[in-house]
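Since the structure comes first, as structure tokens, the remarks are kept for the end.
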Amino acid sequence: MPSATHQFHVTPQFAHRILFTENALQLGNPTLEEALRGDAVEAGESLRVFACIDDGLRASFPNLANELTGALESMQDGATPVELVAPPMMIPGGEACKNDWSIVEQLWKNFYAHPLSRHSCVLVIGGGAVLDVVGFAAATAHRGLRLLRMPTTTLSQGDSGVGVKCGVNRFGQKNWLGAFAVPWAVVNDLAFLRSQPERDRRAGLAEALKVALVRDAKFFDYLEQHAEALQRLDEEPVQYAVAEGARIHAEHIATGGDPFEMGSGRPLDFGHWSAHKLEQLTDFQLPHGEAVAVGMMVDLHYAEQVGLLAMEDLDRIQRVARRMGLLAPLARPEVVHALEAAVDNPAAPLLRGLEEFRLHLGGELCLCMVTVPGVSCDIHTVDSAALRGALRATLVLLEDVRS
Ligand SMILES: NC(=O)c1ccc[n+]([C@@H]2O[C@H](COP(=O)([O-])OP(=O)(O)OC[C@H]3O[C@@H](n4cnc5c(N)ncnc54)[C@H](O)[C@@H]3O)[C@@H](O)[C@H]2O)c1
Ligand SMILES: [Zn+2]
Numbered sequence: 001m002p003s004a005t006h007q008f009h010v011t012p013q014f015a016h017r018i019l020f021t022e023n024a025l026q027l028g029n030p031t032l033e034e035a036l037r038g039d040a041v042e043a044g045e046s047l048r049v050f051a052c053i054d055d056g057l058r059a060s061f062p063n064l065a066n067e068l069t070g071a072l073e074s075m076q077d078g079a080t081p082v083e084l085v086a087p088p089m090m091i092p093g094g095e096a097c098k099n100d101w102s103i104v105e106q107l108w109k110n111f112y113a114h115p116l117s118r119h120s121c122v123l124v125i126g127g128g129a130v131l132d133v134v135g136f137a138a139a140t141a142h143r144g145l146r147l148l149r150m151p152t153t154t155l156s157q158g159d160s161g162v163g164v165k166c167g168v169n170r171f172g173q174k175n176w177l178g179a180f181a182v183p184w185a186v187v188n189d190l191a192f193l194r195s196q197p198e199r200d201r202r203a204g205l206a207e208a209l210k211v212a213l214v215r216d217a218k219f220f221d222y223l224e225q226h227a228e229a230l231q232r233l234d235e236e237p238v239q240y241a242v243a244e245g246a247r248i249h250a251e252h253i254a255t256g257g258d259p260f261e262m263g264s265g266r267p268l269d270f271g272h273w274s275a276h277k278l279e280q281l282t283d284f285q286l287p288h289g290e291a292v293a294v295g296m297m298v299d300l301h302y303a304e305q306v307g308l309l310a311m312e313d314l315d316r317i318q319r320v321a322r323r324m325g326l327l328a329p330l331a332r333p334e335v336v337h338a339l340e341a342a343v344d345n346p347a348a349p350l351l352r353g354l355e356e357f358r359l360h361l362g363g364e365l366c367l368c369m370v371t372v373p374g375v376s377c378d379i380h381t382v383d384s385a386a387l388r389g390a391l392r393a394t395l396v397l398l399e400d401v402r403s
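Heads up: the sequence shown begins at 1 in UniProt numbering, then just goes up one per residue.
Structural data, given as structure tokens:
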């Protein structure tokens, strides 16, 4: 066979800007304008912005749309005035918006009607679900509009909002439709976290524990030392855990060698094969972070069963998760039922999560396992007896948490 006559291998680079602040919309705070403009120089035209807001913020921030409008109207200096092309679009928050295709259609219609170009920007304020649906619409219009995310939950500020993915649900599967698209910028306004319901705020910290376990022993030590304060949701450790989680997450994207997940290794998906299934099985009543906490417990027990993780490390990690308050909400009948159903039945719905993950990866299973806190490895086969043992051990743990 003749070989290729020419070959070019190029390695494009991309900037991924994540800015932390408080009260980003307050006049005089330059963060949002810096994020919006970036290094782009488009003298002579206005910088057109279409804004979307999670409707779940309305109760705590009734004036948010006006504040955003005011903040953008104040950005008139320089050769490129900022122009808000329409009143902010309010989008119902939570998982339901990712199951409602009409929202994507409405977003596209709005981008078309108030014509946005490749130099325009879609600005979105909200939880991970609203960021995902708006991100998907923006990624697919004109092959990708600039997207400025302002995440408002612990989960989205520390994890989903600082990633490079977006997606909506289809065929009953999470994120079946979606895209990889590096956001133009992310502005994490820590003031938003104060209004988040306590249960969701705490659940989002499960992703901080996740990145600590797979990548960063020092961060795990921090979580261990501040577990009670995190359980109480004290502001300083919560802000630190969110910011450090975001940094490690972004660093993994930048240095992990596979920012767009072309290969099979998925350390950031540790514990997620069962988490995604549990969310679906509980009709999305279980917040993503709580589902991840269960999923991590199952996989940690599995790692112990097959000799990858020492019992004392498993105990230590469980104690940290428990002291952080991540396990208490999990002893719910629907979670227990889903785990119990999978113990003796290989065809149980929960275990379909494993098969769906394998298919998603392209045939060969690749699961991230923690070997010591801060270090992980990949495995490619699952021993069904050990998995049954892991499910049973997780049930015992949940029973213990409940009593
Ligand atoms: N794209 C990715 O890479 C990625 C990664 C992980 C998770 N996710 C997705 O993120 C979603 C979960 O996001 P989430 O945990 O941020 O929750 P969420 O977006 O589902 O929001 C939960 C609820 O909180 C409300 N809310 C949001 N911010 C608030 C605030 N500051 N104060 C009061 N209420 C507020 C919302 O309106 C909603 O009712 C899931 O759909 C998950 O699949 C995406
Ligand atoms: Zn997650």
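From the three backbone atoms N, C-alpha and C, an ideal C-beta is built for every residue, glycine too.
Which residue's Cα is closest to the Cα of residue i: the options?
i, options, result
"Thr-69", "Tyr-112, Lys-109, Val-124 and Arg-358", "Val-124"
"Asn-169", "Ser-102, His-142 and Val-182", "Ser-102"
"Ala-212", "Leu-193, Asp-132 and Val-372", "Val-372"
"Ser-46", "Gln-76, Leu-64, Ala-71 and Phe-171", "Gln-76"
"Ser-117", "Thr-140, Met-369, Asp-132 and Gln-106", "Thr-140"
"Leu-57", "Met-90, Asp-344, Pro-81 and Gln-26", "Met-90"
"Thr-80", "Asn-110, Gly-38, Asn-63 and Glu-105", "Gly-38"
"Gly-167", "Leu-354, Leu-131 and Pro-197", "Leu-131"
"Gly-374", "Lys-218, Ser-160 and Ala-4", "Lys-218"
"Phe-220", "His-142, Ile-379, Arg-316 and Ser-120", "Arg-316"
"Leu-209", "Ala-181, Phe-180, Gly-178 and Ala-243", "Ala-243"
"Ala-331", "Gly-28, Ala-113 and Glu-399", "Glu-399"
"Asp-299", "Leu-395, Ala-40 and Val-238", "Leu-395"
"Asp-283", "Ser-403, Lys-174 and Pro-197", "Lys-174"
"Ala-86", "Trp-176, Lys-109 and Val-162", "Lys-109"
"Met-262", "Ala-179, Thr-153, Cys-377 and Gln-157", "Ala-179"
"Thr-154", "Asp-269, Glu-251 and Ala-241", "Ala-241"
"Gly-28", "Phe-8, Ile-53 and Ser-74", "Ser-74"
"Glu-355", "Val-382, Cys-377, Asp-378 and Pro-329", "Val-382"
"Ala-138", "Gly-172, Gln-106 and Met-297", "Gln-106"
"Ala-15", "Val-182, Glu-340 and Gln-239", "Val-182"
"Gly-245", "Pro-329, Ser-160 and Leu-359", "Ser-160"
"Gly-172", "Val-10, Arg-143 and Asp-100", "Asp-100"
"Arg-146", "Cys-121, Glu-236 and Gly-135", "Cys-121"
"Glu-251", "Asp-269, Tyr-222 and Val-162", "Val-162"
From the DSSP output, read off the bridge partner residues of residue i.
i, result
"Phe-50", "Val-122"
"Thr-11", "Paired residues: none, contrary to the question."
"Gly-144", "DSSP lists no partner for Gly-144."
"Asn-188", "Phe-20"
"Phe-180", "Lys-165"
"Met-150", "Ile-125"
"Arg-170", "Gln-173"
"Val-370", "Ser-376"
For residue i, which residues of its own chain have a beta-carbon under 7 angstroms away from its beta-carbon, when the five flanking residues on both sides are left out?
i, result
"Pro-259", "Val-164 and Ile-253"
"Arg-323", "Ala-227, Glu-228 and Gln-231"
"Leu-351", "Ala-342"
"His-380", "Glu-364, Leu-365 and Cys-366"
"Arg-392", "Val-343"
"Gly-353", "Trp-273, Ser-274, His-276 and Lys-277"
"Glu-304", "Met-311 and Leu-314"
"Leu-72", "Val-49, Val-82 and Leu-84"
"Glu-67", "Leu-25"
"Ser-60", "Ser-195"
"Trp-176", "Asn-169 and Arg-170"
"Val-336", "Leu-395 and Leu-398"
"Asp-55", "Met-90, Ile-91, Pro-92 and Gly-93"
Please go through the same chain and pick out, in chain order, the residues whose beta-carbon is closer than 6 angstroms to the beta-carbon of residue i, but skip the five residues on each side of it.
i, result
"Ala-129", "Gly-94, Glu-95, Cys-97 and Lys-98"
"Leu-327", "Ala-321 and Val-401"
"Ile-248", "Val-211, Arg-215 and Asp-216"
"Ala-185", "Arg-17, Ala-35 and Leu-148"
"Ala-24", "Thr-31, Leu-32, Val-187 and Asp-189"
"Val-133", "Cys-97, Lys-98, Ile-103 and Val-168"
"Phe-111", "Ala-141"
"Gly-389", "Gln-305"
"Pro-287", "Asp-200 and Ala-203"
"Gly-271", "Val-292, Gly-295, Met-296 and Asp-299"
"Gly-158", "Glu-207, Ala-208, Val-242, Gly-245 and Ala-246"
Under 8 angstroms Cβ to Cβ from residue i, same chain only, skipping five residues before and after it: list those, please.
i, result
"Leu-281", "Glu-334, Ala-338, Pro-349 and Leu-350"
"Ala-386", "Tyr-302, Gln-305 and Val-306"
"Ser-384", "Pro-346"
"Cys-377", "Leu-308, Cys-368, Met-369 and Thr-371"
Do residue i and ligand 4 come close, with the Cβ less than 7 angstroms from some heavy atom?
i, result
"Phe-192", "This structure does not include ligand 4; its bound ligands are ligand 1 and ligand 2."
Pair every Cβ in the region 189–203 with every Cβ in the region 283–295, then say whether three or more of these pairs are closer than 8 angstroms. yes
For the 8 angstroms Cβ check, are there 3 or more pairs between the region 18–30 and the region 187–199? yes
How would the residue list near ligand 2 read, in chain order, if you kept each one whose beta-carbon is closer than 6 angstroms to any heavy atom? Asp-159, Glu-207, His-272, His-288 and Val-292
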